[in-house]
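Participant: Here it is: the structure, laid out below.
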Amino acid sequence: MSSVDFINENISWKDITPAGNVYEGGTANDFRTGDWRISIPEFLADKCKQCLLCTPVCPDSAIPVKDGKREDFDFEHCKGCGICAKVCPFGAIVMKKEEK
Amino acid sequence: MVNFKEIMSRPERLTGGHRMCAGCGGTIAVRNVLKALKPEDKAVIANATGCLEVSTFMYPYTAWTDSYIHNAFENAGATLSGVEAAYNVMKRKGKIDDTFKFIAFGGDGGTYDIGFQSLSGAMERNHDMVYVCYDNGAYMNTGIQRSSATPMYADTTTTPAGKVSPGKMQNRKDLAEIIASHHIPYVAQTTFIGNFRDLHEKAEKAIYTKGAAYLNIMAPCPRGWRYPTENIMEMCKLGVETCYWPMFEVIDGKWILNYKPKNKLPIEDFLKPQGRFKHLFKKGNEQLLEQFQKEVDDRWEQLLKFCEE
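Protein chains in written order, with this note's numbering: chain P, 32 to 131; chain Z, 214 to 522.
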């Protein structure tokens, strides 16, 4: 069981892990930061030339790359900062106001 | 030599879901340094207190897929040297088979100021580790207080610009140069440019050079610098093109300049888009800009001499 599943605001200090250790990596993946967004990027796959210039600039690891090709955004984690849209040389990413 | 597509296809070692701000430069620096690790190698990360520490490791969540040590403000260098020493013993005794690499991350507050003594010690003892400073030029985590990395005349909450003072009155410390004076095998300064080739190459060299290495990475902070989040790459480019943030490396004592702008831009180009320097563009403050420019010029000239350019 992941510590994320049983450690929450209501837990007693006696039931937390010793020294506040976390025994597995990457658990933040389960935490949604996508709802922070005001603007949302749209990926226009037909305009994309797969230059990957958008991939190193993402602060939220929200542009998955598989075998040298980028895929659509990870909207669970994208915070909508817009850096990727700004660096794209081909206009393949457009920022839009997010409808909630 | 690193291949961009191959590097970007490597697994993410820092996951999303951390609570750094939208458009944060700190996590861009971290992700890209970690990309330089060979996928088969493991890492132990130590982290000086700062935005990065408190926002990527909120118990019970961690954005780190590698072993990670949450320690105090002043001792990331010391903590990681201890881990590296223990690893060497365990490796010698045959208790560990995997290859581990040791990387410490700190902001400029935890590196230039508070963690300076433990960093200096770790470098002097030449532990096989890398210390990475993501330098955004102030204590951004606690609300933009000045640090010794804050540039002159920046408006921060402890050096407010107003009638009495034009912001921070002192020059910024040149930490890369100080660490180079420790005569360690590898020191480099870089930031985010284009496809990050410079950063990826330097991170790879730093991680895979035996002995102590130090990386100084300018990582703009949209909150503290006061610019729109999407403009981070433009900020970095202007920092480099104005020679405010030169990209260089020092390999076994030899200084190498990695980029020399064809047309050095005036420092105004870097300062103007940042709200923290807004007051410098008010009428009557022209001499402050001149002074800033002179400081940049003097440091650039000195660097050219070091690099024998």
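The C-beta atom is built at its ideal place from N, Cα and C for all residues, glycine as well.
Flag this pair as touching only if the stretch 420-432 of chain Z and the stretch 345-361 of chain Z have three or more C-beta atom pairs under 8 Å; answer yes or no.
Facilitator: Touching, per the Cβ criterion.
Participant: Who are the neighbours of residue 105/P on chain Z, taking C-beta pairs under 8 Å?
Facilitator: Per Cβ cutoff of 8 Å: 229.
Participant: To the nearest angstrom, report how far apart residue 271/Z and residue 38/P are at their CA atoms.
Facilitator: About 11 Å.
Participant: Anything in chain P within Cβ reach of residue 222/Z, meaning under 8 Å, just list it in chain order.
Facilitator: Those are 96, 97, 98, 99, listed as they occur along chain P.
Participant: Which residues in the same chain as residue 488/Z place their Cβ atom closer than 6 Å to its Cβ, once the five residues preceding and following it in sequence are excluded?
Facilitator: Correct list, in chain order: 439.
Participant: To which residues does DSSP link residue 283/Z through a beta bridge?
Facilitator: According to DSSP, residue 283/Z bridges with 260/Z.
Participant: Check whether the stretch 445-460 of chain Z and the stretch 502-519 of chain Z touch, using three or more Cβ-Cβ pairs below 8 Å as the test.
Facilitator: The stretch 445-460 of chain Z, when compared against the stretch 502-519 of chain Z, does touch it at the 8 Å Cβ threshold.
Participant: Taking contact to mean 3 or more Cβ pairs, one atom from each stretch, closer than 8 Å, check whether the stretch 369-387 of chain Z and the stretch 411-421 of chain Z are in contact.
Facilitator: No, the stretch 369-387 of chain Z does not touch the stretch 411-421 of chain Z.
Participant: Taking only runs of the alpha helix (DSSP H) that begin and end inside the stretch 466-519 of chain Z, which ones reach a length of at least 4 residues, in chain order?
Facilitator: Entirely contained in the stretch 466-519 of chain Z, the alpha helix (DSSP H) runs reaching 4 residues are, in chain order, 481-484, 499-519.
Participant: Cβ of residue 76/P less than 8 Å from any chain Z Cβ?
Facilitator: Chain Z contact via Cβ: absent.
Participant: Can you find a C-beta in chain Z that's less than 8 Å from the C-beta of residue 125/P?
Facilitator: Taking Cβ atoms only, chain Z never reaches closer than 8 Å to residue 125/P, which makes this a no.
Participant: Work out the CA separation of residue 342/Z and residue 291/Z for me, nearest whole Å.
Facilitator: So the alpha carbons of these two residues sit roughly 11 Å apart.
Participant: Bridge partners for residue 528/Z per DSSP, in chain order?
Facilitator: Nothing can be reported for residue 528/Z, as the shown portion of chain Z is limited to 214 through 522.
Participant: Any C-beta of chain P within less than 9 Å: which residues of the stretch 404-438 of chain Z qualify?
Facilitator: Under the 9 Å Cβ criterion, the stretch 404-438 of chain Z contributes 405, 407, 408, 409, 412, 413, 435.
Participant: If I measure Cβ to Cβ from residue 337/Z and keep anything under 6 Å in the same chain, skipping five residues before and after, which residues do I get?
Facilitator: Closer than 6 Å at Cβ, skipping near neighbours: 395.
Participant: Under 6 Å Cβ to Cβ from residue 64/P, same chain only, skipping five residues before and after it: list those, please.
Facilitator: Around residue 64/P: 108, 110.
Participant: For the alpha helix (DSSP H) that contains residue 341/Z, what are its first and last residues?
Facilitator: Element bounds for residue 341/Z: n/a, residue is neither H nor E.
Participant: Beta-carbon within less than 7 Å of residue 102/P's beta-carbon, same chain only, minus the 5 sequence neighbours each way: which residues are those?
Facilitator: Answer for residue 102/P: 95, listed in chain order.
Participant: Kindly indicate which residue of 485/Z, 469/Z, 324/Z has the alpha-carbon position closest to the one of residue 519/Z.
Facilitator: Selected option, being the one with the closest Cα: 469/Z.
Participant: Chain P partners of residue 218/Z, CB-CB under 7 Å?
Facilitator: Those within 7 Å of residue 218/Z in chain P are 83, 99.
Participant: Would you kindly work out how many angstroms separate the C-alpha atoms of residue 53/P and residue 280/Z, rounded to a whole number?
Facilitator: C-alpha separation (whole angstroms): 10 Å.
Participant: At the level of alpha carbons, what is the spacing between residue 235/Z and residue 120/P?
Facilitator: Taking the straight line joining both Cα atoms gives about 22 Å.
Participant: Please report the straight-line C-alpha distance between residue 420/Z and residue 496/Z, rounded to a whole angstrom.
Facilitator: Cα to Cα, residue 420/Z sits roughly 48 Å from residue 496/Z.
Participant: Compute the distance between the beta-carbons of residue 410/Z and residue 217/Z, then report whether it is under 8 Å.
Facilitator: The answer is yes: Cβ separation under 8 Å.
Participant: Please classify residue 244/Z: does DSSP put it in a helix, a strand, or coil?
Facilitator: Correct three-state label for residue 244/Z: helix.
Participant: Would you please verify whether the beta carbon of residue 385/Z is less than 8 Å from any beta carbon of chain P?
Facilitator: With 8 Å as the cut-off, residue 385/Z does not count as an interface residue toward chain P.
Participant: For residue 336/Z, which of helix, strand or coil comes out of DSSP?
Facilitator: Three-state result, residue 336/Z: helix.
Participant: Can you pull the chain P residues whose beta carbon is under 8 Å from the beta carbon of residue 442/Z, in chain order?
Facilitator: Going along chain P in sequence order, the residues near residue 442/Z (Cβ under 8 Å) are 112, 113, 114.
Participant: Just tell me which of 467/Z, 222/Z, 461/Z, 507/Z has its CA closest to the CA of residue 481/Z.
Facilitator: Comparing Cα-Cα distances from residue 481/Z to each of 467/Z, 222/Z, 461/Z, 507/Z, the minimum goes to 507/Z.
Participant: Using three-state DSSP, classify residue 65/P as helix, strand or coil.
Facilitator: Reduced to three states, the DSSP call for residue 65/P is helix.
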